[in-house]
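Asker:
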Amino acid sequence: MWSDTTMCHLSPREAGEVPGVQPGLKTPTRLDSAQLSRALDATVRSNIKLVSVGLAIFSLGNALAHPFIVPEPLALPMVVSSMLATLLCFGIYLTLRRSPVMEGWGDPTMALLLTIASTGPVLRGFLSESPAVIVGLLVMSLGSGVLFLSRRWLFASQAAIGLIWVAMYVTTRNPDYSWLEVSAGLFSTTGLAFMIQHIRRSTLSTVYAFQKREEGRRVEAEQIQEELREAIATARRREERYALVAEGANDGLWDWDLVADSLYLSPRWKEMLGLTGDEQTASPDAWLSRVHPDDLPELRDKIERHLGGELEQLEDEHRVRHEDGHYLWTRVRGLAVFDDQQLPLRMAGSQTDITAQIAAQEKLRHDALHDPLTGLPNRKYFFELLGDALKRAHDEPGYVFAVLFLDLDHFKLINDSLGHMAGDQLLIGIAQRLSESLRPGDVIARLGGDEFAVLLTRLDSKLQAAQVADRIRTLLDEPFPILDQEVYTSASIGLAMSKPGYQHAEELLRDADIAMYKAKAAGKSRHQTFNTGMHHQAVTTLKLAMDLRRAIEEQTFTLVFQPIVSLPEQEVLGFEALIRWPHHELGVLAPEAFLSIAAEVGLMAHIDRWVLEEACRAASNWQGMFSELEQTPYISVNLSGDYLSEPGFLGELQKLLKQTGLDPRLLQLEVTESVFIERLSIKLPRKLSEMGVRLCLDDFGVGYSSLSCLHRHPIDCLKIDRYFFTHDSEPSPRNNEIIRAIVNLAHDLRIQAIAEGVETASQSSLLGRLGCAAAQGFHFHSPLSRAQLSSTIARLHTRREPPSMPSTRPGRPRTLTGVRGSQELHALIAPPPSSSSKLN
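Take the sequence shown: its position 40, counted from the start at 1, is 43 in my numbering, and no numbers get skipped.
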């Protein structure tokens, strides 16, 4: 019995005719019944041409033999039929040479050939009673088993032969053979035909299986050879590529046989370390013995961890000793190979010289942590060192250190006068001088600009740190040779000692910075030691500065107005606008409580702008009330150098006067001597004078007291500082003569002299005897609020008298003379408080 699937293999020729099978390639290991049928059909089709030729020759032989063996008149039809069969078979042969039989048509074509070839013998069997016909039927029966490989077509051919025999028996009844004999013969030959077919099919199956195995082995061998050729070529390419990469990367290669404990070293590896000799194999100690002792433990640890499976690959940077004794920085990478039991067999890798890279990294780190001008540690590096000192102090309770914060005094003056190159040379000289004077272990750093910091380590006491600060200050007092001249400088130094409360380096440097500002405020060229009160004051100042910014945004300030009166008549000449800040926590603050902070944080211009605008609006309101008089009280406003030096100040002032409608002659600007000399341009006072705005030199006599200022600028008045006559200092002839000199100077220059801060009648009398024509202070009246001022001016307007005093300067406003005597003035204005403390 044939199974549905059979193990077989087709020849290349046959495989080319079987779908799914290509010549020269391994065929499927199993063929189903359809595939087997197609394979047998291909075998039959491959034999059709040969069978067609044989049957043509057989038919031709019959045609030639019939005239001699077949009597007349049967010979002629027998010859004709045989010749026709010959021609048909030969014609089929010729057709098959040009166009092979299509798949599935092998057995039908073979049946057609047998039918054509059988026409002659069958026809003779019907026309004669020759016993040869029976023999021919038996031969045809056996031949079908040889020619047909399909059971269906074999069965059909045997059925056709049987039908021919029955037809002949019925029509001719050949007496030489009985029905039973011929039937038995045909049955036997049919059985033989099926047996022959089975044998052929089995033989072909066996042959196919054998061919499959042989072809499979051949194809597999060819595939293995092809794979080997490709593997060898790939390995060669990889080897060439690796060699090129290794040569291009300039790396040294190594291969450690862990089983034999031998180490292969490439020529480049040996050249890298200055080794000579042709030997390329050495022991691992030849490598490891050259590794720097400090780096060897980590390298061994990484090797063991990689061989143990903890690290995917070996990678380490370490120093290796060159043959001449110096060390190279190298990077080693390697990978181990393991057997089936995960035991390491070998480890191979590369070694790269990274000495230049490490040097570049060190240079980058040095540049990132040091000041490029002086070479000192910078702020970042100083914070790292300071952090280390804090950590050590936490770990060692007895460890004491300190931080000095240095800020050079008048460094900007040196830069502006001698140039930045001279300033840089000075900074370099200071860095060298301080570096040479410090103790071993101490560190000096440049924080930026003209600021330096010193870390004093291993101190015994605060006194030792103070002594170092004094020594540094003394060193800086010595001149520095800069640009062929001697340059003197000094430093204000803040000192902060370590203590348990510090957690971060920034805190310690912050406190030293606070102490430095205290030293600078105390007169410079000295040192101050930080205490907790300084920090509290700094925090309070910072909070006040933030509140001040909010007050500027919300405009929560107020103005008060202090009368300026004439002496001895005490007639009102004008009012000075004074700012007050109603703080939500501290109450009403006077200017001295917050203006210094405003100047420090850069808010003075904003405050001045607000004061000037409000004062001009207030003055414009009372301006109309005295339109019928010759003289109207002016308004005096203090302005800082920050606001006056702004490029748009003059334009803002002109715009403000236009908006408010205030007569420029009723506006007086008070400016200190230092601002006149340091901040004010030469053109601005003249332009203000051309506009009609009055200029007053404030605090005259306590600052520069430069007479050139009076000569160069159109000054309208001088304000004599209270220092010369206040009640807390004893009157002295020297002070009196100074006041007299200032008054006489003002009189000779035809400008007004005003004494400020007059608090007692004796001071007022003294100033009158010395010739001072005007004054202001609590003795005359305390500052008035805007509402009080409006009410007072209204009452003055209703009780005014004709003016009686001419103006002291041509073209200037005259005084308001409608109110005379201190008693009448005090009757119109509320009496001053009993306290004499000033808020202006």
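Don't be surprised by glycine CBs; every beta carbon is placed ideally from N, CA and C.
For clarity, every value in this text was computed on a predicted model and none was experimentally measured.
Sorted by chain position, which residues of the same chain lie with C-beta nearer than 6 Å to CYS619's C-beta, five sequence neighbours on each side aside?
Answerer: For the purposes of this step, residue 619 is taken as residue 616 along the sequence shown, with counting starting at 1. If we look at CYS619 and ignore the five residues flanking it on each side, its Cβ neighbours are LEU659, THR663, LEU665.
Asker: Could you round the C-beta distance between LEU479 and SER493 to whole angstroms and report it? I think they count as a contact, below 8 Å.
Answerer: Here residue 479 corresponds to residue number 476 of the sequence shown, with the count starting at 1. Here residue 493 corresponds to residue number 490 of the sequence shown, with the count starting at 1. LEU479 to SER493, Cβ: 6 Å. Contact.
Asker: Quick one: is ASP304 buried, meaning 16 or more other Cβ sit within 10 Å of its Cβ, or exposed?
Answerer: For the purposes of this step, residue 304 is taken as the residue at position 301 of the sequence shown. Classified as exposed, ASP304 has fewer than 16 neighbouring CB atoms from the shown chains inside 10 Å of its CB.
Asker: With DSSP as the reference, please indicate the residues paired to PRO688 in a beta bridge.
Answerer: Within the sequence shown, the letter at position 685 stands for residue 688. None; PRO688 has no bridge partner.
Asker: Terminal residues of the continuous beta strand (DSSP E) containing PHE783?
Answerer: As a working note, residue 783 is residue 780 in the sequence shown. Here PHE783 belongs to no beta strand (DSSP E), and DSSP marks it neither H nor E.
Asker: Under 7 Å Cβ to Cβ from PHE533, same chain only, skipping five residues before and after it: list those, please.
Answerer: The residue you call residue 533 lines up with position 530 of the sequence shown. So the qualifying residues of the chain are GLY497, LEU498, ALA499, ASP514, ALA515, ILE517, ALA518.
Asker: Under a three-way DSSP split, which group does HIS423 fall into?
Answerer: On the sequence shown, residue 423 is found 420 positions in, with the first residue counted as 1. Here HIS423 sits in helix by DSSP.
Asker: Say whether chain D places a C-beta atom closer than 8 Å to the C-beta of LEU606.
Answerer: Included in the structure is just one protein chain, with no chain D present.
Asker: Roughly how many whole angstroms lie between the Cα atoms of ALA59 and LEU67?
Answerer: Translated into the one-based positions of the sequence shown, residue 59 becomes position 56. Translated into the one-based positions of the sequence shown, residue 67 becomes position 64. Approximately 12 Å between the Cα atoms of the pair.
Asker: Assuming ALA756 and CYS720 are in contact, meaning their beta carbons sit under 8 Å apart, how far apart are those beta carbons, in whole angstroms?
Answerer: As a first step, residue 756 is located in the sequence shown; it is residue number 753 there, counting from the start. As a first step, residue 720 is located in the sequence shown; it is residue number 717 there, counting from the start. Their Cβ separation, rounded to whole angstroms, is 7 Å, which keeps ALA756 and CYS720 in contact under 8 Å.
Asker: In angstroms, rounded to a whole number, what distance separates the CA positions of ILE718 and ILE638?
Answerer: Position 715 of the sequence shown, counting from 1, holds the residue named residue 718. Position 635 of the sequence shown, counting from 1, holds the residue named residue 638. Cα-Cα distance, rounded: 16 Å.
Asker: Identify whether SER493 lies in helix, strand or coil by the three-state DSSP scheme.
Answerer: For the purposes of this step, residue 493 is identified with residue 490 of the sequence shown, where counting begins at 1. Looking at SER493 - three-state DSSP - the assignment turns out to be strand.
Asker: Which residues bound the beta strand (DSSP E) around GLY255?
Answerer: Numbered from its first residue, the sequence shown carries residue 255 at position 252. Taken as a continuous stretch (DSSP letters only), the beta strand (DSSP E) holding GLY255 covers 255-260.
Asker: With burial defined as no fewer than 16 other Cβ atoms inside 10 Å of the residue's Cβ, what is the status of ASN641: buried or exposed?
Answerer: In the sequence shown, the residue the question calls residue 641 occupies position 638. Buried is the call here.
Asker: Just to confirm before moving on: does the CB-CB distance between SER643 and VAL614 stay below 8 Å?
Answerer: Taking the first residue of the sequence shown as 1, we reach residue 643 at position 640. Taking the first residue of the sequence shown as 1, we reach residue 614 at position 611. Against a cut-off of 8 Å, the Cβ pair of VAL614 and SER643 comes out as no contact.
Asker: Hey, quick one: how far does the alpha helix (DSSP H) through THR333 stretch, first residue to last?
Answerer: Taking the sequence shown and counting its residues from 1, one reaches residue 333 at position 330. Where THR333 is concerned, there is no enclosing alpha helix (DSSP H), although the beta strand (DSSP E) it sits in stretches over 330-341.
Asker: Which residue from GLN228, SER711, THR559 puts its Cα closest to that of ILE680?
Answerer: Position 677 of the sequence shown, counted from the first residue, corresponds to residue 680. Nearest C-alpha to ILE680: SER711.
Asker: Since GLY347 contacts LEU310 with CB under 8 Å, what's their CB separation in whole angstroms?
Answerer: Your numbering for residue 347 matches position 344 in the sequence shown. Your numbering for residue 310 matches position 307 in the sequence shown. Reading off the sequence shown, one finds Pro at residue 347, where the question assumed Gly. Confirmed, Cβ separation roughly 5 Å.
Asker: For a test of the three-state rule: what should DSSP assign to PRO26, helix, strand or coil?
Answerer: On the sequence shown, position 23 is the one that residue 26 refers to. Note that PRO26 scores a pLDDT of 44, beneath 50, so its modelled location is shaky and nothing firm can be said.
Asker: Suppose contacts are defined by Cβ-Cβ distances below 8 Å. Is TYR330 in contact with HIS373 by that definition?
Answerer: Against the sequence shown, residue 330 aligns to sequence position 327. Against the sequence shown, residue 373 aligns to sequence position 370. Not closer than 8 Å, so no.
Asker: What residue does the beta strand (DSSP E) around ARG322 start on, and which one ends it?
Answerer: What you label residue 322 is simply residue 319 of the sequence shown in a count that begins at 1. That run of the beta strand (DSSP E) goes 317-324.
Asker: Quick check: the Cα distance between PRO103 and SER85, rounded to an integer number of angstroms?
Answerer: Translated into the one-based positions of the sequence shown, residue 103 becomes position 100. Translated into the one-based positions of the sequence shown, residue 85 becomes position 82. For PRO103 and SER85, the distance between alpha carbons rounds to 25 Å.
Asker: Return the residue from the list ALA622, ARG682, MET694 that minimises the CA-CA distance to GLY654.
Answerer: Indexing the sequence shown from 1 puts residue 654 at position 651. Closest by alpha carbon: MET694.
Asker: Please report the residue range of the beta strand (DSSP E) in which GLU759 lies.
Answerer: Numbered from 1 along the sequence shown, position 756 holds the residue referred to as residue 759. GLU759 -> beta strand (DSSP E) spans 755-759.
Asker: Could you give the DSSP three-state label for TYR726: helix, strand or coil?
Answerer: Counting from 1 along the sequence shown, the entry for residue 726 is found at position 723. Here TYR726 sits in helix by DSSP.
Asker: Which same chain residues, not among the five before or five after PHE597, have their C-beta less than 8 Å away from its C-beta?
Answerer: On the sequence shown, position 594 is the one that residue 597 refers to. Excluding positions up to five away in sequence, the list reads LEU547, LEU551, TRP584.
Asker: Give the single residue among ASN418, ALA363, LYS415, PRO667 whose Cα lies nearest to the Cα of GLN626.
Answerer: As a working note, residue 626 is residue 623 in the sequence shown. If we check each option's Cα against that of GLN626, PRO667 comes out closest.
Asker: What does PRO484 pair with, by DSSP beta-bridge criteria?
Answerer: By one-based count along the sequence shown, residue 484 stands at place 481. Answer by DSSP bridge pairing, in chain order: GLU489.
Asker: Beta-carbon separation of ARG336 and GLN316 under 8 Å?
Answerer: Numbered from its first residue, the sequence shown carries residue 336 at position 333. Numbered from its first residue, the sequence shown carries residue 316 at position 313. When the beta-carbon positions are compared, ARG336 and GLN316 come within less than 8 Å of each other.
Asker: Is it buried or exposed, SER785, if we count other Cβ atoms within 10 angstroms and call 16 or more buried?
Answerer: If you number the sequence shown from 1, residue 785 lands on position 782. Taking every protein chain shown into account, the CB of SER785 has 16 or more other CB atoms within 10 angstroms, so this residue is buried.
Asker: Quick check on the DSSP output: the alpha helix (DSSP H) that includes MET607 runs from which residue to which?
Answerer: Residue 607 sits at position 604 when you count from the first residue of the sequence shown. 607-626 is the extent of the alpha helix (DSSP H) around MET607.
Asker: Expressed to the nearest angstrom, what Euclidean distance is found between the alpha-carbon atoms of VAL262 and GLU218?
Answerer: To locate residue 262, count along the sequence shown from 1; it is residue 259. To locate residue 218, count along the sequence shown from 1; it is residue 215. Between VAL262 and GLU218, the C-alpha separation is close to 43 Å.
Asker: Going by C-alpha distance, which of VAL83, CYS92, LEU87, LEU79 is nearest VAL56?
Answerer: The residue you call residue 56 lines up with position 53 of the sequence shown. Comparing Cα-Cα distances from VAL56 to each of VAL83, CYS92, LEU87, LEU79, the minimum goes to CYS92.
Asker: DSSP beta-bridge partners for ALA456?
Answerer: For the purposes of this step, residue 456 is taken as the residue at position 453 of the sequence shown. Assignment of beta-bridge partners to ALA456 by DSSP yields PHE408, ALA448.
Asker: Spatial neighbours of ASP356 within its chain, please: C-beta separation below 7 Å, excluding the five flanking residues on both sides.
Answerer: Against the sequence shown, residue 356 aligns to sequence position 353. So the qualifying residues of the chain are MET275, LEU331, THR333.
Asker: Given 8 Å as the limit, is there contact between the segment 774-782 and the segment 566-573, that is, 3 or more CB pairs closer than that?
Answerer: Taking a contact to require three or more Cβ pairs closer than 8 Å, the segment 774-782 and the segment 566-573 qualify as touching.
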